[in-house]
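**Q** The sequence shown begins at 1 in the UniProt record's numbering and counts up by one. Beta carbons: idealized from backbone N, C-alpha and C, even for Gly. Fair warning: this is a prediction, and the values are worked out from it, not measured in the lab. I'd like to ask you about the structure that follows.
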Amino acid sequence: MINVSDLYKIIPKVLKFSLDPDEYHGINTTILPHEVLWLPDTVVYNSVVMNPDETERHMNIRADSLRPEGKRGALMSFLYPAMYTVTCRLNIRYFPYDQQNCTLTISSWTNSKSALDYYADENVNLASYISNEEWEVISFKVYRHEYKYACCPEPWVILEASIVIRRKPLYYVVNL
């Protein structure tokens with residue numbers, strides 16, 4: 001198992017919400033409590049515990065009137081901290097010189113691409129990563145996939161966040 005702490009930023013594709021700076025004395029951005037809007041049911045499929053109350057209760061929604069596409073309406077961002085423990089298959093054949101790849105599978109339980117689409121930056125920002133004595137992060141990338149299921153006419157979008165870590169063998173070499 002691996003523990004991952006993250007700050008999620010979810011930007012819905014379509015929302016009928018507007019923020020006109022002229023109507024609000026030049027204010028371009030505001031923060032709203034999460035209770036005022038519909039929240040997407042984004043989950044980490046391979047999380048050991050699926051308890052959204054622990055993370056979503058800290059969620060805020062940022063509404064920006066300055067849309068990069070030049071379209072009308074507001075650009076909405078759902079921002080919340082999250083901590084997940086996910087299952088990973090480990091190969092310890094070369095222990096303590098092993099390298100592991102763990103994947104977090106992120107998507108919606110109930111919404112296909114037509115209702116909820118996901119995009120991600122390929123490289124994860126590790127600026128706030130706190131290094132530890134046992135593991136070194138080699139890479140952390142996010143891949144977007146579309147899958148068709150027999151149940152549904154629309155494809156489903158799934159994000160796979162792949163983290164590659166390498167064990168630091170010094171502790172084990174010295175202490176074993």
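1) Does DSSP classify Asn-175 as helix, strand or coil?
2) If I'm right that Leu-104 touches Val-44 with Cβ under 8 Å, what's the distance once you round it to whole angstroms?
3) Leaving out five residues on either side along the sequence, give the residues of the same chain with a beta carbon under 7 Å from the beta carbon of Tyr-119.
4) Compare the Cα-Cα distances from Glu-134 to each of Asn-28, Arg-166, Tyr-149 and report the closest residue.
5) Would residue 207 and Trp-156 qualify as a contact pair, given that the criterion is a beta-carbon distance under 8 Å?
6) If you compare alpha carbons, which of Leu-170, Cys-88, Asn-28, Arg-89 is closest to Glu-136?
7) Under a three-way DSSP split, which group does Leu-116 fall into?
8) I think Pro-40 touches Asn-111, with their Cβ atoms under 8 Å apart; what is that distance to the nearest whole Å?
9) Quick one: give me the first and last residue of the beta strand (DSSP E) that residue 182 is part of.
10) How long is the line joining the alpha carbons of Ala-150 and Ser-114, rounded to whole angstroms?
11) Alpha carbon to alpha carbon, how far is residue 185 from Ile-138?
12) Tell whether a beta-carbon distance below 8 Å holds between Lys-148 and Val-124.
13) Thinking C-beta only, is Asn-101 closer than 8 Å to Ser-162?
14) Who are the near neighbours of Ile-27 in its chain, counting only those whose CB is closer than 7 Å to its CB and skipping five residues on each side?
15) Go ahead and label Tyr-84 buried or exposed: buried means 16 or more other beta carbons lie within 10 angstroms of its beta carbon, across all protein chains shown.
16) Using the Cα positions of His-25 and Trp-109, report the straight-line distance between them to the nearest angstrom.
17) Could you give the distance in angstroms between the alpha-carbon of Glu-160 and the alpha-carbon of Lys-168?
18) Just to confirm before moving on: does the CB-CB distance between Pro-96 and Val-173 stay below 8 Å?
**A** Taking the definition as stated:
1) Residue state, collapsed to three classes: helix.
2) Cβ-Cβ separation between Leu-104 and Val-44: approximately 5 Å, consistent with a contact (criterion under 8 Å).
3) The answer, listed in chain order, is Arg-144.
4) Checking every option, the nearest Cα to that of Glu-134 belongs to Arg-166.
5) The structure shown does not extend to residue 207, since the chain spans only 1 to 176, so no value can be given for it.
6) Checked all of Leu-170, Cys-88, Asn-28, Arg-89; the closest Cα to Glu-136 is Leu-170.
7) In this structure, Leu-116 counts as coil in the three-state DSSP scheme.
8) The Cβ separation is near 7 Å, so the contact holds.
9) This structure leaves residue 182 out entirely; the chain is present only between 1 and 176.
10) Taking the straight line joining both Cα atoms gives about 16 Å.
11) Residue 185 falls outside the range modelled here, since the chain spans only 1 to 176, and no answer is possible.
12) Not closer than 8 Å, so no.
13) Between Ser-162 and Asn-101, the CB-CB gap stays under 8 Å.
14) Within the same chain, Ile-27 has close Cβ partners Pro-21.
15) The C-beta of Tyr-84 has 16 or more other C-beta atoms within 10 Å across all chains shown, which makes the residue buried.
16) Spanning the two alpha carbons is a distance of roughly 40 Å.
17) In this structure, the CA atom of Glu-160 is about 25 Å from the CA atom of Lys-168.
18) Taking 8 Å as the Cβ cut-off, Pro-96 and Val-173 qualify as a contacting pair.
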